[in-house]
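Numbering (UniProt numbering), first residue to last: 1 to 332.
Below you can see the structure in the form of C-alpha cells.
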C-alpha cells in the first residue's frame with residue numbers, strides 16, 4: 001500500500017455523496033447483508049467462468065472450418081463476458097467480504113477499472129452482434145470480413161479507454177474508526193460536476209442509447225424474418241440464431257435496468273439510502289448473471305455450439321474460410 005492519505009472519519013472529511021460511483025465502498029450497508037452477497041457473487045462467477053470457458057472452447061474447436069460474421073461477434077461477446085465473470089465478480093466478492101478495502105493501491109485501481117470496462121464492453125458487444133444480424137437480414141449479405149474485424153477492434157479500444165479517468169482519480173484512503181485505522185478505495189473526482197457528467201454520459205451512451213438501438217434493430221430482424229424465405233433447414237437454424245440474439249439483447253436491457261435506475265437515484269438524490277444501496281448491489285448481481293447465463297442460451301439455440309461436439313464435424317477449411325460464411329448467407 002503506497003502511503004494512503006490519513007483521514008479522520010469522524011470529521012466527515014469524506015463526502016458520502018461522492019461514494020456512489022465507488023464500486024468498492026461497502027460500509028454503507030450493514031455487514032450482515034454482505035455474506036449472502038458474497039455467496040451469490042461467488043456462485044455467479046463459478047457458473048459464468050465454467051460456461052463461458054466451455055463455450056469459448058466449443059467456438060475455437062471449429063477454427064479450421066472458418067467463422068461466420070455471427071460466430072465472430074458471438075465469440076467477442078463470450079470473451080468479454082468471461083472477463084466480467086472471472087475478474088469483475090471475484091473482485092467484487094473479495095471487497096464485499098471485508099468491511100474495509102483489503103487489496104491495496106493496485107487492487108483499488110483494478111476494482112474501479114473493470115466495472116467501468118464491463119459497463120462499456122458488454123453493451124457494445126451485444127449491440128454490434130444485433131447490428132450485424134439486422135444488416136444481414138435487410139441486405140441478405142454479410143459484412144466484409146475486414147469490416148467485422150474493424151468493428152471488433154473498435155469495441156475493445158473504446159471499452160479499454162473509457163475507464164481511464166476513473167482509474168486516474170482512484171486512491172486508497174485511510175481513516176480512523178473507533179481507534180482503528182481502516183482503508184477504503186475512493187475515487188477522488190476533481191468536482192461533483194465532473195463525476196455527474198462522466199457517469200451520466202456512460203449511462204446515456206452505453207445503456208440508454210444502446211437500448212433504443214437494440215429495440216429498433218430487433219424489430220427490423222423480426223419484420224424481415226417474417227417476410228423471408230429460404231431453405232427449410234437453413235432458415236430454421238437462422239431463426240434459432242435470431243431468437244438467441246434477441247434474447248441476449250433483452251437480457252442486457254432487463255438485467256442492467258435495476259442497477260441504472262438505482263444509480264440515477266443515488267447520483268441525483270440527496271445522499272445514500274440503505275435500501276437503495278442494497279438494491280444497487282442486487283442490480284450488480286444481475287449484471288454479472290447476465291454474463292453468466294449466455295452460454296446456457298447458446299447451448300440451447302446456437303447450432304455452432306452443438307456441432308462443435310458432434311462426431312465427424314468437418315474441419316477441412318482454413319481459419320476464416322468461406323464455408324461458414326456461405327452457410328450463414330443461406331440462412332438469411
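Ideal Cβ placement from N, Cα and C applies to all residues, glycine included.
Please report how far the alpha carbon of residue i lies from the alpha carbon of residue j, in whole angstroms.
i           : j           : result
residue 193 : residue 149 : 37 Å
residue 47  : residue 143 : 33 Å
residue 273 : residue 41  : 22 Å
residue 174 : residue 34  : 21 Å
residue 303 : residue 242 : 12 Å
residue 97  : residue 205 : 32 Å
residue 108 : residue 78  : 26 Å
residue 66  : residue 75  : 13 Å
residue 184 : residue 258 : 25 Å
residue 210 : residue 124 : 8 Å
residue 285 : residue 168 : 26 Å
residue 72  : residue 159 : 18 Å
residue 161 : residue 57  : 28 Å
residue 214 : residue 122 : 13 Å
residue 220 : residue 297 : 22 Å
residue 236 : residue 59  : 20 Å
Excluding sequence positions up to five away, which residues of its chain have a Cβ less than 8 Å from the Cβ of residue i?
i           : result
residue 166 : 21, 112, 113, 116, 187 and 198
residue 260 : 203, 207 and 283
residue 118 : 80, 83, 84, 88, 287 and 291
Please list the terminal residues of the continuous alpha helix (DSSP H) segment that includes residue i.
i           : result
residue 67  : First-last for residue 67: undefined, no H or E at that position.
residue 299 : 274-301
residue 42  : 34-61
residue 224 : 209-227
residue 92  : 89-96
So, with DSSP's three-state summary, where would you put residue i?
i           : result
residue 101 : coil
residue 162 : coil
residue 191 : coil
residue 232 : Legend: pLDDT at residue 232 = 40, less than 50; position of this residue unreliable, value from coordinates given subsequently. Of the three classes helix, strand and coil, the one that applies to residue 232 here is helix, per DSSP.
residue 4   : A caution first: residue 4 carries a pLDDT of 40, below 50, which makes its placement in the model too unreliable to give a value.
In chain order, what residues of the same chain have a beta carbon less than 6 Å from the beta carbon of residue i, not counting five sequence neighbours either side?
i           : result
residue 232 : Its pLDDT being 40, under 50, residue 232 is placed unreliably in this model, and the value from its coordinates should be taken loosely. Same-chain partners within the cutoff: there are none.
residue 333 : With the chain running from 1 to 332 in the structure shown, residue 333 is simply not present.
residue 94  : none
residue 189 : 169 and 195
residue 240 : 301
residue 101 : 24, 183, 184 and 185
residue 226 : none
residue 132 : 69 and 73
Relative to the C-alpha of residue i, which candidate in the options has its C-alpha closest?
i           : options               : result
residue 92  : 239, 300, 168 and 280 : 280
residue 289 : 44, 37, 74 and 38     : 44
residue 223 : 138, 106, 71 and 164  : 138
residue 127 : 252, 292 and 162      : 252
residue 255 : 293, 216 and 100      : 293
residue 38  : 268, 262, 99 and 263  : 99
Once the 5 residues before and after residue i are set aside, which same chain residues still bring their CB inside 7 Å of it?
i           : result
residue 218 : 130, 246 and 249
residue 52  : 78, 81, 82, 85 and 295
residue 134 : 217, 220 and 221
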